[in-house]
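Residue numbering for the sequence shown follows numbering that gives the first Met the number 0, starting at 0 and increasing by one per position.
Note that CB positions come from ideal geometry on N, CA and C, so glycine has one too.
Notes follow once the structure below has been shown.
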Amino acid sequence: MKYHIVTYGCQMNVHESEKIAGLLRGAGYEEEGAAEEADIIVFNTCCIRENAENHAFGNIGALKKLKKNKRGLLIAVGGCMAQEEGKAALLLRKFPFIDIVFGTHNVAELPALIERKRREKKVVSLLPDRAETEDGAQPFRTSYPNAWVNITYGCNNFCTYCIVPYVRGREKSRSADVIVEEVRSLVAAGYKEITLLGQNVNSYRDGETDFPALLERVASLDGKFRIRFMTSHPKDFSERLVACMARHEKICDLLHLPAQSGSSRILSRMNRRYTREQYLEKVALFRKYIPEGELTTDLIVAFPGETEEEFEETLSLVKEADFSSAFTFVYSPRTGTKAAEMEGRIPAEIAKARITRLIDCVNENTRRKSERYVGQVIEVLCEDYDEKKGLYLGREPLGRMGYFSAPCNCVGEFVRIRVSRANGISLFGERV
Ligand code: 5AD
Ligand code: SF4
């Protein structure tokens, strides 16, 4: 029996899909296959913005024919959208051919739900937020040489635009001993890059162990491997953390620090709990300890009430903080969040013009910074082969993708390349 998993959204979901794959393998499904060959199709959904939901709706709807033509095919929908208030009912109304709906708090129950589906008609199981962090689900990892490791689940921040705290529940930290042991065994198994995951890694805490202390323990493990982490909330980004980053060669000198806006008034309306000036202080701290490091960020335009001047403050922040790249978003109202009730909705044409200007502004930084690599030697961790380009690719520590040719498979190896050309975030070169 074959499974097919469709994943939307962030790294957290990508890793959760690895857990779903592990659970399905434990339940007798043997290999991943195309949707047409699968005996079960699982959608791991995202609800962070409206277009993420629309994507999922479109793709689930497209399965109607397949479901009709293939007896016994199971369709399961899980993830953030399934856990969202009222969405499970809407999903079933729109797509009565869905067999199972499960939430973010009961991923580990998927095998039991499949079992139940064999007896019952429709299965909907959405559990409330739960205290435990270990559900025993063993991920079937598909991202070698990188491995994702959860350190926290959920979020307590309630940024006014964000649905995450509602669908992922309150923040919970996993045990430091469990995390360190997981990383140790992943490195022993040959993984070369470990990415620690949490909605806000900086507020990690297990007894006396906070995030810098956890990072210290992970970075002190033996072996050649890289450590990355995401996401950091600026309000909790500390000098101890950046000092730890500077001390350990294993920790990549790349910090993803979502700013969201360059305007203190908008930041306050977003409930981010820092001002533009305080954000720039964190940037200065990072630059002081890691002058050669790179900063990336997330930015939202057209938050309710955002004026032209306030938007321009976001543009000027891109230059002042000197981000090497950014994920840029148009604000999307999410039912149930505070911002969805706020006055001052920005018309779509203005939002579109703003995001275009912002993307141009960010791209200019990316281009300028990537050009500096031409002629230099970088070390990439080879992660894949690009069939179209006929080149291997891998990331350098600061997040750029390096492309090169090689006579034999070098996925999983650290490769040094001399850069001859830059194109946006991509660098091209020859092995040295
Ligand atoms: N609208 C637009 N962008 C959003 N994000 C989160 N919620 C919304 C929303 N309602 C963005 C933030 C966050 C990233 C993961 O998604 O920038 O950091
Ligand atoms: Fe959402 Fe804010 Fe939590 Fe990030 S920190 S998940 S943006 S509420």
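Judged by DSSP in its simplified three-state form, residue 153 adopts coil rather than helix or strand. Only residues of its own chain outside the window of five on either side were considered, and among them 234 have a CB closer than 7 Å to the CB of residue 272, listed in chain order. About 5 Å separates the beta carbons of residue 173 and residue 132, which is inside the 8 Å limit, making them a contact pair.
Below 8 Å, too few C-beta pairs join the region 140-149 and the region 113-129 to call them touching: fewer than three. Here residue 249 has 218, 224, 225 and 226 as same chain residues with Cβ atoms under 7 Å from its own Cβ, once five neighbours each way along the sequence are excluded. Per DSSP, residue 94 lies in no beta strand (DSSP E) segment and is marked neither H nor E.
Residue range 413-422 is occupied by the beta strand (DSSP E) that includes residue 421, with no alpha helix (DSSP H) assigned at that position.
The C-alpha of residue 312 is placed about 19 Å away from the C-alpha of residue 365.
As DSSP reads the structure, residue 400 sits in a beta bridge with 394 and 425.
For the ligand 5AD, no non-hydrogen atom lies closer than 7 Å to the CB of residue 228. For residue 149 and residue 157, the gap between their C-alpha atoms comes out near 20 Å.
In this model, residue 49 and residue 406 are separated by some 45 Å (Cα to Cα). Within the same chain, Cβ atoms closer than 7 Å to the Cβ of residue 18 are found at 106, 136 and 138, the five residues on either side in sequence being excluded. For residue 375, the number of other beta carbons within 10 angstroms of its own is below 16, and it is reported as exposed.
A contact is defined here as three or more CB-CB pairs under 8 Å, and the region 295-306 meets this definition with respect to the region 251-262.
Inclusion of residue 71 and residue 43 in the CB contact set at 8 Å is not warranted, their separation being larger than that value.
In this structure, residue 59 keeps its C-beta atom at 8 Å or more from the C-beta atom of residue 66.
With a cut-off of 7 Å, the C-beta of residue 157 is classified as near the ligand SF4, since at least one heavy atom of the ligand falls inside that distance.
In this structure, the straight-line span from the alpha carbon of residue 245 to that of residue 278 is close to 20 Å.
Annotation: residue 219 is outside any beta strand (DSSP E) and is labelled neither H nor E by DSSP. Sorted by chain position, residues whose beta-carbon lies closer than 6 Å to a non-hydrogen atom of the ligand 5AD are 47, 48, 160, 161, 257, 259, 297, 299, 328, 330, 331 and 333. When secondary structure is reduced to three states using DSSP, residue 204 falls in the strand class. Counting the other CB atoms within 10 Å of its CB gives residue 281 a total of 16 or more, which places it among the buried residues. Contact annotation, residue 8 with residue 61: C-beta distance approximately 19 Å; criterion of less than 8 Å not satisfied. In the assembly as shown, residue 175 is a buried residue. Its beta-carbon has 16 or more other beta-carbons within 10 Å. Taken from the Cβ of residue 163, at least one heavy atom of the ligand SF4 lies inside 7 Å.
Separation of residue 415 and residue 357 (C-alpha to C-alpha, rounded to the nearest whole angstrom) is 33 Å. Fully contained in the region 7-74 are the following beta strand (DSSP E) runs of length 3 or more, in chain order: 39-44. Distances between the C-beta of residue 198 and the heavy atoms of the ligand SF4 include at least one below 7 Å. Relative to the non-hydrogen atoms of the ligand SF4, the Cβ of residue 9 never comes closer than 7 Å to any of them. Residue 98 and residue 402 have their alpha carbons spaced roughly 43 Å apart. Remark: the shortest separation between the CB of residue 14 and any heavy atom of the ligand SF4 does not fall under 7 Å.
Here the alpha carbon of residue 134 sits roughly 20 Å from the alpha carbon of residue 194.
Taken atom to atom, the span from the alpha-carbon of residue 368 to that of residue 323 is near 7 Å.
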